[in-house]
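I have placed the structure first, in the form of structure tokens, so that the comments after it can refer back to it.
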């Protein structure tokens, strides 16, 4: 840091990246200094991933200059980036599970022994040296699939270092790690820094950024809005930079006056599971929308899965209408009146190549039979009814649902589950990737549904929408319900963000 | 396998078992168990005679050779259903050409038949991205039909003694030729799979195509190569049928694809790719031969053999399945 005479490991100047007419990066500047951790923060869609993909050579830049050690380099593909010494620790791991650790590290650059044959022992020795240098213990002969995910990441780091990477990009490296594994990662990062490796650290977590990073660059709408030494900033400064001064939006909270004595429809008490869930308790009254806030990996989705009967709790009780339930399958949960709108509509919510009609009616095929067979007339009738009721914009309800826009696809998912007439609706990021107009419509559908005396658990990372729709907010941190807030107790998005981060009392 | 001692260390068998994941080594266990059973119950019928043992090796040579190549195909998460038909086609092509033009053209023609079909399979999979299951299913019918068509369903005798000698009919010194062919195929296959960059690329392509592509491996080329190799290996198998039986016939190899695939899977190679066990494959095909041989000695008729064989394969695959 003190050596200001040397050029930074990577200097990105006036980087512009357009996809068609859309400018995703608007003249971004970023210096990455050897031996430093440079945090990169911003909301989803702010341009973080694009900036890093540009650096990796996944997307070529539209204009601008990338300098490595003071020399301008032309990075057009991943091989160029590798040659320039830039390594990536992928969030979706890029290892071959069926191969050993050493084989993965040297994949494509196998060490050769006698007669030009691949020498696994040499690779294992080299891998062991690499790990020794990093202060970690991994058996180079172990198959990657037999290791925990924390080790996968270490193998990825070793793989990048074996290619002589001077710059490592870590994208949410702690997302899938347990607490003690995070500590180990931080120790490793110190080791890497001491070796003069420059690290770009992408994260949403303020505590991690403040703990591990030397500098931070915050992107918003494709521009750099903050670039400073982390030590000079408070968590509130960073959050403000990330969120910005929002324009007044349509996302306004409307008090729907839930009676304090309305019956409790859903009650969770000390729920724990095999995954991250440790101790989550919450209640939802009839007519109420309870927002579930927390960072990625905090256990929100896992809680939703337990409520919807997809995972079984290892501890704690779940009550519906005051009666303890133990769901063995999602069907049992549905029979008890619980519906889950899953996080990933393309993977979990829809059969993409099937028609809108087929998707809408899949959970209720029993209702559209006449005799033993499906009644086409009833199917058509129900489809039309749902398309109208939920205002799905669709030219042909019998065309594949994949042709619809993201927002309309999500409406189909919502309609599909509303149609089974649940009393408790659990929604996991229901508006991710949905345009603002459709978003307001979906929020209206949710409010309307709750007002009929039903209960909603609304999971979202987008705080403005959470604040607009939720009557109460439960904050989950590391698998525990950490705070519960009445909507009126929350004054601002910043305040809620600080609570989620665990920075405010 | 009980241990009589009360040492402080766990018994040897337990320690060995703990080190070897028994599920992935089920083929060796199955092989030994079946062998011992047959030895006990069929020992009197000549099961253990050296001649019978050599017979098993002879009869499984063609399967072993195709299975070694199939191990590469399956390790890339592809499949080749056309190997049996390619063997039949190569057997008639090599027989007709040898009779008409002599030994060397005959050998070249036989290999070329397999190479052409393998290249078409590979090209369609690699370039047009058609699933190998469909391509080779079509080729199964196509190659078999072609073999029957060009011979008008007639057997094609081979009178060239040297051809018969080389391709399975004779012994190399004291060693049966088919045993030599098997050993060479397995040895080459093992070295290529485990000790060359090509083998690594095959395993990476099957294990995680995205990671392989990011590493700079041209996965389409790898898929093309393994299907080409499989075609050539099937042609060699067809020529061994022709040599051993002194004629080319379109029926040679018919149905072998199922035996070959079963041998590979039994040997511990994953149908989902990323794993390729050549030695396991050898034992897989020997196991198939062992069962055939034993069931014949036991006096079961063809229909009964099929039933028992099917049941044994399902049981072995079920046991080798990872939880």
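Residue numbers (my numbering), protein chains in the order written: chain A, 1 to 505; chain B, 1001 to 1323. Every residue, glycine too, gets a C-beta built ideally from N, C-alpha and C.
Min CB distance residue i to chain B below 8 Å
i, result
"residue 108(A)", "yes"
"residue 103(A)", "yes"
"residue 60(A)", "no"
"residue 79(A)", "yes"
"residue 49(A)", "no"
"residue 96(A)", "yes"
"residue 503(A)", "no"
"residue 117(A)", "yes"
"residue 52(A)", "no"
"residue 418(A)", "no"
"residue 248(A)", "Low local confidence applies: a pLDDT of 47 at residue 248(A) is under 50, so the model's placement there is unreliable, with the coordinate-based value given in what follows. No, its Cβ sits nowhere closer than 8 Å to a Cβ of chain B."
"residue 99(A)", "yes"
Neighbour flag for residue i against chain A, beta carbons, 8 Å
i, result
"residue 1215(B)", "yes"
"residue 1392(B)", "Residue 1392(B) cannot be examined here, being either before or after the span of chain B that is shown, 1001 to 1323."
"residue 1207(B)", "yes"
"residue 1203(B)", "yes"
"residue 1219(B)", "no"
"residue 1268(B)", "no"
"residue 1274(B)", "yes"
"residue 1196(B)", "yes"
"residue 1062(B)", "no"
"residue 1187(B)", "no"
"residue 1211(B)", "yes"
"residue 1249(B)", "no"
"residue 1200(B)", "yes"
Per-residue DSSP class, three states only, for residue i
i, result
"residue 384(A)", "helix"
"residue 137(A)", "coil"
"residue 75(A)", "coil"
"residue 195(A)", "coil"
"residue 284(A)", "strand"
"residue 99(A)", "coil"
"residue 484(A)", "strand"
"residue 1090(B)", "helix"
"residue 1182(B)", "helix"
"residue 1105(B)", "helix"
"residue 17(A)", "strand"
Identity of the residue in the options nearest residue i by Cα
i, options, result
"residue 151(A)", "383(A), 75(A) and 173(A)", "173(A)"
"residue 1034(B)", "1269(B), 1199(B) and 1312(B)", "1312(B)"
"residue 175(A)", "196(A), 103(A), 153(A) and 189(A)", "153(A)"
"residue 1120(B)", "1139(B), 1107(B), 1103(B) and 1133(B)", "1139(B)"
"residue 49(A)", "67(A), 202(A), 27(A) and 270(A)", "202(A)"
"residue 181(A)", "191(A), 148(A) and 114(A)", "148(A)"
"residue 1214(B)", "215(A), 109(A) and 395(A)", "109(A)"
"residue 1233(B)", "1269(B), 1208(B), 1068(B) and 1128(B)", "1068(B)"
"residue 446(A)", "463(A), 424(A) and 394(A)", "424(A)"
"residue 1279(B)", "1291(B), 1273(B) and 1266(B)", "1266(B)"
"residue 200(A)", "450(A), 346(A) and 32(A)", "32(A)"
"residue 217(A)", "258(A), 208(A) and 229(A)", "229(A)"
"residue 35(A)", "188(A), 184(A) and 26(A)", "188(A)"
"residue 119(A)", "1193(B), 1055(B) and 1040(B)", "1193(B)"
"residue 349(A)", "244(A), 260(A) and 417(A)", "417(A)"
"residue 1269(B)", "1163(B), 1032(B), 1070(B) and 1046(B)", "1070(B)"
"residue 342(A)", "129(A), 177(A), 305(A) and 59(A)", "305(A)"
Beta-carbon proximity of residue i to residue j, cut-off 8 Å
i, j, result
"residue 85(A)", "residue 165(A)", "yes"
"residue 356(A)", "residue 397(A)", "yes"
"residue 1284(B)", "residue 1027(B)", "yes"
"residue 144(A)", "residue 99(A)", "yes"
"residue 1116(B)", "residue 1078(B)", "no"
"residue 205(A)", "residue 235(A)", "no"
"residue 483(A)", "residue 470(A)", "no"
"residue 1118(B)", "residue 1203(B)", "no"
"residue 1248(B)", "residue 1095(B)", "yes"
"residue 1254(B)", "residue 1141(B)", "no"
"residue 1263(B)", "residue 1063(B)", "yes"
"residue 1168(B)", "residue 1274(B)", "no"
"residue 300(A)", "residue 291(A)", "no"
"residue 12(A)", "residue 56(A)", "no"
"residue 64(A)", "residue 136(A)", "no"
| request: Select from the segment 167–178 of chain A all residues with a C-beta closer than 7 Å to any C-beta belonging to chain B, and list them in chain order. | output: Legend: CB atoms of the segment 167–178 of chain A lying less than 7 Å from CB atoms of chain B are not found in any residue.
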